[in-house]
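Mapped onto full-length UniProt numbering, the consecutive letters of the sequence shown carry residue numbers 1 to 224.
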Amino acid sequence: YITQNEVDAFWCFCGFMELVHHNFEESQESMKRQLSQLTLLLRVLDPPLCDFLDSKESGSLCFCFRWILIWFKREFPFSEILQLWEVLWTELPCPNFHLLVACGILDAERQALMNSGFGFNEILKHINELTMKMSVEDILCRAEAIYRQLVSTPDLPRNVQELLGLSESKSPTSSTDTASSPQPLSPSQVQEMDLTDSVSPSQPDSSIEILPAEDASTSQSLSP
1 YITQNEVDAF WCFCGFMELV HHNFEESQES MKRQLSQLTL LLRVLDPPLC DFLDSKESGS
61 LCFCFRWILI WFKREFPFSE ILQLWEVLWT ELPCPNFHLL VACGILDAER QALMNSGFGF
121 NEILKHINEL TMKMSVEDIL CRAEAIYRQL VSTPDLPRNV QELLGLSESK SPTSSTDTAS
181 SPQPLSPSQV QEMDLTDSVS PSQPDSSIEI LPAEDASTSQ SLSP
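Here it is in structure tokens:
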């Protein structure tokens with residue numbers, strides 16, 4: 001898992017910092033933006049949980065700051081972090097998948113938070129005590145199931161589509177619309193359009209707590 005070559009280690013570090021350097025800006029603008037995006041996702045996925053956190057003065061999700069800052073490095077054992085980071089580096093199934101991982105953790109702890117009567121301090125303490133007590137496989141399953149649920153949600157807000165890179169993927173033929181003159185479609189293009197048009201959403205509900213259990217098996221595609 002660990003290279004003994006200092007040159008390789010240096011360039012691996014440089015590559016990683018290219019991805020996360022904005023998290024360490026003095027202004028913290030990037031961290032504020034990502035926490036705002038996480039709040040947006042959670043509001044779409046689970047409004048009751050958001051309302052509960054708001055009532056406990058935790059609606060800013062500041063207790064998730066460490067998760068995003070260092071990509072969950074302190075939350076899982078080293079061997080599981082290697083797996084999680086490799087998934088995040090692929091940017092599959094979507095950009096900003098780390099935010100869905102955070103949603104997956106909140107989904108796993110939803111009942112513990114809402115049924116306990118925790119206040120602000122207790123919520124922060126509970127989240128911090130999750131360190132090394134979670135399964136990365138379970139969290140990745142939840143995160144991918146959440147992604148699939150969002151994809152199949154009708155009338156998903158535009159800003160959520162952009163956050164997950166869905167707005168571009170839903171218009172694959174847009175680049176041909178600006179051609180200087182219309183061109184006939186090839187048979188393969190016709191077949192591709194037919195397949196695309198045949199896909200229809202199958203999970204309109206956007207609440208985290210009713211994620212389809214069968215989607216959990218799809219985490220195999222995310223694991224290295």
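For each residue, glycine too, the CB sits at the ideal point set by N, CA and C.
{"Item": "Beta-carbon separation (whole angstroms), L38 vs L99, contact threshold 8 Å", "Value": "5 Å"}
{"Item": "6 Å Cβ shell around R43 - same chain, five flanking residues per side excluded", "Value": "C50"}
{"Item": "Member of I2, I146, W85, D107 whose CA lies at the smallest distance from the CA of F16", "Value": "W85"}
{"Item": "Three-state class that DSSP yields for R148 in the structure shown", "Value": "helix"}
{"Item": "Span of the alpha helix (DSSP H), counted from its first residue to its last, around M132", "Value": "No alpha helix (DSSP H) holds M132; DSSP gives it neither H nor E."}
{"Item": "Contained alpha helix (DSSP H) runs [length at least 4] in the segment 20-49, N- to C-terminal order", "Value": "29-45"}
{"Item": "Backbone secondary structure at K125 - three-state DSSP", "Value": "helix"}
{"Item": "Closest residue to L163 among N96, F65, S30 (Cα-Cα distance)", "Value": "N96"}
{"Item": "Pair within 9 Å by beta-carbon distance, I105 and E75", "Value": "yes"}
{"Item": "Reference S135; option with closest CA among C12, G117, V101, I146", "Value": "V101"}
{"Item": "Neighbourhood of F52 by C-beta, 8 Å cutoff - its chain only, sequence neighbours within 5 removed", "Value": "L113, M114"}
{"Item": "CB of L35 within 9 Å of CB of S60, strictly", "Value": "yes"}
{"Item": "Sub-9 Å separation of W67 and L88 beta-carbons", "Value": "no"}
{"Item": "Whole-Å CB distance - I139 paired with A108, under 8 Å assumed", "Value": "7 Å"}
{"Item": "Any alpha helix (DSSP H) of 4 or more consecutive residues that is wholly inside the segment 43-95", "Value": "47-55, 65-69, 78-90"}
{"Item": "Burial state of R142 (16 or more Cβ within 10 Å)", "Value": "buried"}
{"Item": "Rounded C-alpha distance that separates C12 from G117", "Value": "44 Å"}
{"Item": "Range covered by the alpha helix (DSSP H) that runs through N115", "Value": "Premise fails: N115 is in no alpha helix (DSSP H) and is neither H nor E."}
{"Item": "Burial state of I2, where buried means 16 or more other Cβ atoms lie within 10 Å", "Value": "exposed"}
{"Item": "N5, DSSP secondary structure in three states", "Value": "coil"}
{"Item": "With 16 other Cβ atoms within 10 Å as the buried cut-off, status of Q149", "Value": "buried"}
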